[in-house]
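Sequences listed follow chains F and Y, in order. Numbering of the first sequence is given in my numbering, commencing with residue 1 and proceeding in unit increments. Numbering of the second sequence is given in my numbering, commencing with residue 1001 and proceeding in unit increments. The block underneath contains the structure these notes are about, expressed in structure tokens.
There are 2 protein chains.
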Amino acid sequence: MKNKDIKILLVDDEPDILEIVGYNLSNEGYNVITGSNGVEAVKLGKKHKPHLVILDVMMPEMDGIEACELLRKNPDLSDTIITFFTARGEDYSQVAGFDAGADDYITKPIKPKVLISKVKALLRRLKEKDESSEVIKVGHIVIDREEYKIVKGKEEIVLPRKEFELLSLLASKPGKVFKREDILDRVWGNEVVVGGRTIDVHIRKLREKIGDESFKTIKGVGYKFVV
Amino acid sequence: MKNKDIKILLVDDEPDILEIVGYNLSNEGYNVITGSNGVEAVKLGKKHKPHLVILDVMMPEMDGIEACELLRKNPDLSDTIITFFTARGEDYSQVAGFDAGADDYITKPIKPKVLISKVKALLRRLKEKDESSEVIKVGHIVIDREEYKIVKGKEEIVLPRKEFELLSLLASKPGKVFKREDILDRVWGNEVVVGGRTIDVHIRKLREKIGDESFKTIKGVGYKFVV
DNA sequence: TTAAATCGTGATACACTCATGAAGAATAAA
DNA sequence: TTTATTCTTCATGAGTGTATCACGATTTAA
């Protein structure tokens, strides 16, 4: 994804800020949309579905916090990153911002260099997510990460989350053996500790739904997906 | 590549942090090296060539940013991943960190589970690169570590774990004689004690499956794999 | 050549891993 | 709330990977 494909919605009631920040962002090649209050923020957000929203907290009509909450309710914007402008030391707005579903905040006064770096850092997450959310095709099976469903031949199969993640991991490298430990790390995550037999049970479910022949057990090591 | 082959350089001026984080990383099997300021970071980095460096930003003698810049200049460390400890909201340090060539940052306060997750995620890049070259070819035999299978001519052979490890070890240096003692260390691990005849039995299995002629016994010493 | 050490072999017993069915938590949906 | 679905655990049993042992064969050293 190139910078010009990335839309940033910038909302502040001070025209100076809009101009300076907007200029700097455009200069980096981003596609910048501007608004001057919370109502506009919500309207423009729904219309343009930006990748990143930068909101001032204090604004007429509707403040940034409320706008953030409304934007978060829109499912189209679930992947959008929302950040606030906040004055240094304004603890309250930071807390309220995170409560409203913000991902980060940028402190005023704004230094262009800092801002750009921060924006890049924030958008890095997006790119990572973007890359991992491709549609995987293996053999006659299509895994659609975005819609959380898989298509086998002409049949459409809906899988629960864990099963989907597991299949999606195994199918990301057909033939490769994934060690049980790795599977736990990547599907269940480190913070959750589950018993050893859990993986087997999920594999069984997949075997029932997708086909026994696709999943091979390597005893003492793990499982692999074959085409 | 096993975890114990992965070196992590951890630098912070607070002994508590070093101990807690160091303990958690060691527990996962990583080889942890610690230092307490930027000067040490650079020195240890050059000496040990770690795979991952975790730097605190605020340190006496030399801060993390400067240390990072110096480390990045060393061509030996071009594949090394560098991350910072940074407190939430410390805009400046994050920006400066990325500018200095950091790959990521970890926010304080540090939660061990989150840290381990993050470290594993970071090291995954490294491992993937590494594993892609883990196919050994000797004569008409191909040993594919990633898929845990052996291809002999056009025949595909699936070996149980111990046999696979043993073959994999012997074939890693065809012609070289591996002492029984060494084989025990590397296939069984030095903490496990097994009887003296165990190796023979496994060699027998390999002879049955791969071919008698490939394994030569050096009496009183060990075995070697020949093409 | 003989004795000692080492290895190969077959049979066997142990240990471990995994598949499976069922049933109890946990979570989401109605 | 109740209901349904998903997730996890557990017990059981089969299967096989792994280790052990005894004994004969082979090599090495004296």
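Each residue gets a CB set at the ideal place from its N, CA and C atoms; glycine is no exception.
| query | result |
| --- | --- |
| Name the chain Y residues that come within less than 7 Å of leucine 43(F), Cβ to Cβ? | Leucine is not the amino acid found at residue 43(F); the sequence shown has lysine there. Within 7 Å Cβ-Cβ: nothing; lysine 43(F) doesn't reach chain Y, min ~30 Å. |
| Can you give the Cα-Cα distance for arginine 180(F) and glycine 220(F), rounded to whole angstroms? | 9 Å |
| Whose Cβ in chain Y lies nearer than 9 Å to the Cβ of glycine 101(F)? | Under the 9 Å cutoff, chain Y gives no residues; its nearest Cβ is about 17 Å from glycine 101(F). |
| Going by alpha carbons, who is nearest to leucine 1018(Y) out of Ile1218(Y), Ile1110(Y), Glu1156(Y) and Gly1153(Y)? | Ile1110(Y) |
| If isoleucine 203(F) sits next to tyrosine 223(F), beta carbons under 8 Å apart, how far is it from one beta carbon to the other, in whole angstroms? | 6 Å |
| Using a Cβ-Cβ distance under 7 Å, would arginine 1161(Y) count as near chain F? | yes |
| Is any beta-carbon of chain Y found at less than 7 Å from that of isoleucine 218(F)? | yes |
| Measuring only between beta-carbons, confirm whether valine 226(F) sits less than 7 Å from chain Y. | no |
| Is the distance from the Cβ of aspartate 1013(Y) to the Cβ of methionine 1059(Y) below 7 Å? | yes |
| Would the beta-carbon of methionine 62(F) fall within 7 Å of that of glycine 38(F)? | yes |
| Below 8 Å, can you find three or more Cβ-Cβ pairs linking the region 137 to 145 of chain F to the region 101 to 116 of chain F? | no |
| Shorter than 7 Å from the beta carbon of tyrosine 1148(Y) to some beta carbon of chain F? | yes |
| Determine which residues share a DSSP beta bridge with leucine 9(F) and list them. | Ile33(F) and Val53(F) |
| Along chain Y, which residues have their Cβ under 7 Å away from the Cβ of lysine 205(F)? | Ordered by position in chain Y, no residue passes the 7 Å Cβ test against lysine 205(F), which lies about 23 Å from the chain. |
| Roughly how many whole angstroms lie between the Cα atoms of glycine 139(F) and glutamate 165(F)? | 18 Å |
| Counting only C-beta atoms, is valine 151(F) closer than 7 Å to chain Y at any point? | no |
| Nearest by alpha-carbon distance to proline 1186(Y): which of Val1201(Y), Gly1196(Y), Lys1162(Y) and Val1057(Y) is it? | Inspection of the sequence shows that residue 1186(Y) is occupied by arginine rather than by proline. The shortest Cα separation from arginine 1186(Y) among Val1201(Y), Gly1196(Y), Lys1162(Y) and Val1057(Y) belongs to Lys1162(Y). |
| Taking the C-alpha atoms as reference points, what is the distance between valine 135(F) and glycine 153(F)? | 15 Å |
| Per DSSP, what kind of secondary structure is alanine 1102(Y) in: helix, strand or coil? | coil |
| So, using beta-carbon positions, are leucine 1052(Y) and isoleucine 1008(Y) closer together than 7 Å? | yes |
| Just to confirm before moving on: does the CB-CB distance between aspartate 104(F) and threonine 83(F) stay below 7 Å? | yes |
| Can you look up isoleucine 1110(Y) in the DSSP assignment and give me helix, strand or coil? | coil |
| With which residues is valine 1215(Y) paired in a DSSP beta bridge? | The residue asked about is misnamed: residue 1215(Y) is phenylalanine in this sequence, not valine. DSSP lists Phe1225(Y) as partners of phenylalanine 1215(Y). |
| Counting only runs of 3+ residues fully inside the region 131 to 210 of chain F, write out the beta strand (DSSP E) ranges in chain order. | 135 to 138, 141 to 144, 149 to 152, 155 to 158 and 177 to 179 |
| With respect to the alpha helix (DSSP H) encompassing serine 26(F), which residues constitute its N-terminal and C-terminal limits? | 15 to 27 |
| Could you tell me which chain Y residues have their CB closer than 7 Å to the CB of lysine 49(F), listed as they occur along the chain? | Those do not exist, as lysine 49(F) stays about 27 Å from chain Y at its closest Cβ, beyond 7 Å. |
| Going by C-alpha to C-alpha distance, which of Ser214(F), Leu77(F), Ala41(F) and Cys68(F) sits closest to serine 168(F)? | Ser214(F) |
| Going by C-alpha distance, which of Gly64(F), Pro50(F) and Glu66(F) is nearest serine 78(F)? | Pro50(F) |
| Over what stretch of residues does the alpha helix (DSSP H) that includes glycine 1220(Y) continue unbroken? | Counting along the chain, glycine 1220(Y) falls outside any alpha helix (DSSP H), and DSSP gives it neither H nor E. |
| Within the same chain, show all residues whose beta-carbon is closer than 8 Å to that of asparagine 1074(Y), passing over the 5 residues directly before and after it, in chain order. | Gly1045 and Lys1046 |
| Does alanine 1171(Y) pass the burial test, meaning 16 or more other C-beta atoms within 10 Å, or should it be called exposed? | buried |
| Apart from the five residues on each side of it in sequence, which residues of its chain come closer than 7 Å, Cβ to Cβ, to glutamate 217(F)? | Looking at the sequence shown, residue 217(F) is not glutamate but threonine. These residues qualify, in order along the chain: Tyr223. |
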